[in-house]
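Going by the numbering used here, 179 is the number at position 179 of the sequence shown; the sequence numbering is gapless. Working notes for the structure below.
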Amino acid sequence: MTRPIRLDQAEQFLRDPDPATRAEALTALTRAARTGEAPRGTGDTFAWALADDHENVRRVAADALRDLPELYFGDDGVDALLLAAARGRDTTVRDTAADLIGILAKGAAELYAQGFEDDEPQVRIQAVLGLTALRETARVAEAADDPSREVRVAVAEGLGHLAHPSGLPALEHLLTDHDPVVRIAALTTAAELGVPEPLEGRVVTATAHANWQVRRHAVRALAEARPDVAVQPLLKALHDRTVDVRRAAVQALEQWATDIPEVITALTETLTDPDPGVRTQARWSLA
């Protein structure tokens with residue numbers, strides 16, 4: 001293509017069947033971006049060009065993306081970069097996209113982390129959610145001591161989503177939180193993670209908490225733990241003063257009702273529980 005390209009023609013030329021025309025359109029956009037005259041969405045255009053069928057076009061797009069770090073990417077462009085990083089047609093495309101995703105993630109993480117300094121809990125919650133999405137486990141864990149229980153709940157939930165060993169110390173800390181709502185969130189996360197060994201002691205201790213809802217969630221969490229950790233506290237929970245806790249204990253023990261004699265005996269004794277719902281649950285467990 002020998003004629004000059006106008007900026008408003010870029011999208012049209014990028015759909016041209018001739019790869020040389022598409023490459024020249026990207027080159028024109030690169031020149032415009034260097035002088036600050038590129039149209040809005042240029043970054044997204046380069047990102048999607050990484051998926052072009054022709055190697056030369058992809059190379060021009062990759063070179064532009066590396067040379068123009070100030071380019072803005074919208075959601076569409078970020079999606080294109082993620083796709084290119086995961087399934088790009090060649091190494092240059094994948095490496096370029098991965099590097100840019102890393103740069104964007106680092107910048108976004110710094111921005112979200114600044115949200116922890118805000119006075120509004122809702123802003124700090126959004127910071128936790130953003131850092132969770134970016135898989136910044138260490139930064140999410142930093143908010144485990146936030147004065148707002150809603151933020152601490154978000155941290156517990158975020159650590160469950162991240163499921164990374166480095167988040168376990170913060171989750172162990174949340175399992176001792178003074179607020180029952182936070183403890184319940186941490187217990188729920190511990191259950192989702194299968195009650196990793198560093199959390200076992202805290203979960204067992206929670207079965208004796210003063211709040212019956214905390215005890216119930218602790219019992220439910222133990223259903224996901226190893227039997228040598230879970231069975232004895234669950235047998236004790238069969239005698240809890242609160243019906244809902246006893247029902248949860250029966251449900252948790254059901255999985256061992258055929259192979260652990262002590263569990264069979266305890267569930268059989270539970271057939272005399274004063275609550276009909278507990279008795280019914282025990283019969284189902286032994287069936």
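Yeah, the Cβ is synthetic: ideal placement off N, Cα and C, and Gly gets one too. Quick caveat, the model's predicted, so the values are computed rather than measured.
Answer with buried or exposed for residue i, where buried requires no fewer than 16 other C-beta atoms within 10 angstroms of its C-beta.
i      : result
Asp240 : buried
Gln114 : exposed
Ala84  : buried
Asp52  : buried
Tyr112 : buried
Arg302 : Past the boundaries of the shown model lies residue 302; the chain is included only from 1 to 287, so the question cannot be answered.
Arg15  : exposed
Ala191 : buried
Looking at the structure shown, is residue i part of a helix, part of a strand, or coil, going by DSSP?
i      : result
Tyr112 : helix
Phe46  : helix
Glu150 : helix
Ala56  : A quick correction: the sequence has Asn, not Ala, at residue 56. Looking at Asn56 - three-state DSSP - the assignment turns out to be helix.
Phe13  : helix
Leu238 : coil
His292 : Outside the displayed span of the chain (1 to 287) sits residue 292, for which this structure offers no information.
Arg246 : helix
Leu68  : coil
Ile260 : coil
Ala62  : helix
Arg226 : coil
Ala185 : helix
Glu142 : helix
Tell me the rounded alpha-carbon separation between residue i and residue j.
i      : j      : result
Ala206 : Gln251 : 18 Å
Leu50  : Ile125 : 35 Å
Ala144 : Arg220 : 23 Å
Pro261 : Val203 : 24 Å
Asp118 : Leu104 : 22 Å
Val263 : Thr242 : 20 Å
Ala32  : Thr137 : 39 Å
Leu234 : Pro121 : 37 Å
Pro196 : Asp44  : 42 Å
Ala133 : Val151 : 16 Å
Arg279 : Ser148 : 41 Å
Thr268 : Ala223 : 19 Å
Phe73  : Pro39  : 12 Å
Thr272 : Ala266 : 11 Å
Glu110 : Gly102 : 12 Å
Asp259 : Ala249 : 17 Å
Asp90  : Gly41  : 24 Å
Leu71  : Arg87  : 22 Å
Arg173 : Pro198 : The sequence given here has His at residue 173, not Arg. Distance between the alpha carbons of His173 and Pro198 is about 11 Å.
Are the C-beta of residue i and some C-beta of chain D separated by less than 7 Å?
i     : result
Ala28 : In the structure shown, chain D does not exist; there is a single protein chain.
Would a C-beta distance cut-off of 7 Å place residue i and residue j closer than the cut-off?
i      : j      : result
Val182 : Val153 : yes
Val62  : Thr92  : According to the sequence shown, residue 62 is Ala rather than Val. Yes.
His217 : Leu187 : yes
Thr96  : Leu65  : yes
Leu26  : Val78  : no
Ala257 : Val245 : no
Gln281 : Arg247 : yes
Leu175 : Leu159 : no
Leu100 : Leu81  : yes
Pro17  : His54  : no
Ala185 : Gly167 : no
Ala28  : Asn56  : no
Val229 : Glu200 : yes
Val163 : Leu193 : The question names Val, but residue 163 in the sequence shown is Ala. Cβ atoms of Ala163 and Leu193: closer than 7 Å.
Give the range of the alpha helix (DSSP H) segment to which residue i is assigned.
i      : result
Glu200 : Glu197 to Ala206
Ser285 : Pro276 to Leu286
His209 : That residue, His209, is in no alpha helix (DSSP H); it is neither H nor E in DSSP.
Gly36  : Here Gly36 belongs to no alpha helix (DSSP H), and DSSP marks it neither H nor E.
Asp273 : Here Asp273 belongs to no alpha helix (DSSP H), and DSSP marks it neither H nor E.
Leu134 : Premise fails: Leu134 is in no alpha helix (DSSP H) and is neither H nor E.
Thr176 : Counting along the chain, Thr176 falls outside any alpha helix (DSSP H), and DSSP gives it neither H nor E.
Arg87  : Asp75 to Arg87
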